[in-house]
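Enquirer: My questions will all concern the structure given below.
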Amino acid sequence: MNIYSLPAIISFTVNFSTAFIVLMENPRATLHRWFAAFIFSFAVWNLAEILMLNSADLLPAMLGAQILYRVIFLTPAFYVIISYLFPKNLGTFATRPIFYVAVFSLPVLGLCLSFPDFQIELVSLKEALNIYHYHLTFNLNPVFLFLLLVSLSYIVWGSVVLVMKIKHLRTIRLKNQTRFFVSGMVFIFVGFIAIILLKASLRNPASFYWLSTIFTFIVALFFLITIMKFHLFKPGKMLSGGMTYTILSAATLSVYFFVVRAASTGLESWIGIDSYMLNAALIVALIFAIVPFEKRLRRLFDRLLNRDLHQQRGNILALFRELQGYHERSAFFEIIERFLV
């Protein structure tokens with residue numbers, strides 16, 4: 012495990028936790044299952060990057076690149092299905108298995124025809140450490156052009172469906188959720204395409220690595236903000252608990268890479284203690300240091316996610332205190348009207 016894989020590990024932790032939270036709120040709901048699968052596809056993306064960045068040999072790194080190549084061209088298919096289901100399904104055909112098969116058939120066909128000559132190659136960030144990253148290669152291969160055309164068509168298709176759906180939604184909350192989601196997804200897809208095209212003008216592979224790292228962070232934060240700020244899903248305590256442990260896990264990984272490993276190496280060379288035992292002791296100390304923050308962070312998320320509920324409870328208590336005294340009929344109804352309005 013090297014420092015270059017830390018951003019991908021953190022992004023994977025956030026995406027995997029977010030997908031799990033969405034799925035466990037209502038595992039039987041079609042929207043929850045597909046939305047969780049959509050977020051999980053980005054978690055697999057992060058996992059493929061982790062495999063590439065931590066492979067000492069070329070074969071495991073190539074396996075990660077092959078997985079990533081498939082995820083890149085399958086993600087737009089998930090987006091099309093989500094566009095019909097989110098935030099509210101307005102048609103019955105979008106829940107039929109034949110629709111899912113039809114949407115995925117084109118990218119799967121293209122991937123089958125292009126196997127094993129995928130248009131992706133490995134580049135070395137640091138040859139001395141055998142740290143690999145991916146690079147998409149563009150050519151006039153008919154199968155690759157077919158995959159590219161299908162992906163771009165799916166992105167436009169899903170975005171148009173979401174935009175057209177806004178005028179049919181009845182509440183302002185659903186309309187705002189849809190606008191935010193389609194805007195974020197368009198930004199993500201356009202950003203990824205821009206980074207890939209910019210790769211041709213970047214001579215240093217590390218520059219592309221840092222751009223793609225920032226991109227993966229943005230994707231993970233987008234899905235987390237989506238379910239937090241706009242309450243797309245309401246899994247209650249699971250949401251606050253999941254985000255608490257996601258943030259604490261990311262913080263633990265960061266402290267481990269930047270502090271614990273450096274301290275372990277320094278103490279090992281100074282005192283001569285076995286590095287494995289020292290790492291274990293420092294990790295245990297790190298866990299005990301972070302545990303006290305768990306309850307505070309959970310209470311903070313509870314207040315943020317249930318702000319309307321806490322405010323309504325306060326209003327009801329204020330109403331009860333005001334009604335404890337005697338009031339004339341007109342004054343009584345005026346108090347009730349003021350509370351309801």
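Numbered as in this note's numbering, the sequence shown ends at 352 without a single skipped number.
C-beta: ideal position from N, C-alpha, C; glycine also.
(1) Compute the distance between the beta-carbons of T227 and A19, then report whether it is under 8 Å.
(2) Span of the alpha helix (DSSP H) holding L147?
(3) Counting C-beta neighbours from all protein chains within 10 Å, is the total for M175 16 or more, i.e. buried, or is it exposed?
(4) What does a CB cutoff of less than 7 Å around T189 pick up in its chain, not counting 5 residues either side in sequence?
(5) Please classify M249: does DSSP put it in a helix, a strand, or coil?
(6) Which runs of the alpha helix (DSSP H) fall wholly inside the segment 71 to 99 and span at least 4 residues, in chain order?
(7) Are F84 and A54 close, meaning C-beta to C-beta below 8 Å?
(8) With distance defined between alpha-carbon atoms, name the residue in L160, G202, I93, Y145 nearest to G169.
(9) Smallest Cα separation from I78: which of V91, T41, I61?
(10) Roughly how many angstroms lie between the CA atoms of A59 and R107, to the nearest whole one?
(11) Looking only at DSSP bridge pairs, what is S135 linked to?
(12) Going by C-alpha to C-alpha distance, which of S341, V82, L209, H144 sits closest to L69?
(13) Ordered along the chain, which non-local residues of its own chain (more than five positions away) have a Cβ less than 8 Å from that of G195?
(14) Short of 6 Å in beta carbon distance, which residues of its chain neighbour N47, apart from the five on each side in sequence? Order them along the chain.
(15) Rounded to a whole number of angstroms, what is the C-alpha to C-alpha distance between V197 and A342?
(16) Cβ atoms of A88 and P118: under 8 Å apart, would you say?
(17) Which residues in the same chain as R81 place their Cβ atom closer than 7 Å to its Cβ, once the five residues preceding and following it in sequence are excluded?
(18) In the DSSP assignment, find the alpha helix (DSSP H) that holds G202 and state where it starts and stops.
(19) Are there 16 or more other CB atoms within 10 angstroms of the CB of S353, so buried, or fewer, so exposed?
(20) Exposed or buried, A105, counting other C-beta atoms within 10 Å across all chains shown (16 or more means buried)?
(21) With a CB to CB cut of under 7 Å and the five nearest residues on each side skipped, what residues in its chain are close to V193?
(22) With distances taken between CB atoms, is the gap from N57 to N26 smaller than 8 Å?
(23) Using 8 Å as the threshold, is the C-beta distance between L133 and A217 below it?
Expert: Taking the structure as given:
(1) yes
(2) Run containing L147: none in the alpha helix (DSSP H); it sits in the beta strand (DSSP E), 142 to 147.
(3) Label assigned to M175: exposed.
(4) P98, L173, K176, I177, L180
(5) Its pLDDT being 47, under 50, M249 is placed unreliably in this model, and the value from its coordinates should be taken loosely. M249: helix per DSSP, three-state reduction.
(6) none
(7) no
(8) I93
(9) I61
(10) 31 Å
(11) Y143
(12) H144
(13) Excluding sequence neighbours, G195 sits near F233, T237.
(14) Residue identity check: residue 47 is Ala in the sequence provided, not Asn. Closer than 6 Å at Cβ, skipping near neighbours: A30, V33, L34.
(15) Cα to Cα, V197 sits roughly 54 Å from A342.
(16) yes
(17) L122
(18) 183 to 209
(19) In this structure the chain extends from 12 to 352, so residue 353 is not present and cannot be described.
(20) So A105 ends up on the buried side.
(21) S170, L173, V174.
(22) yes
(23) no
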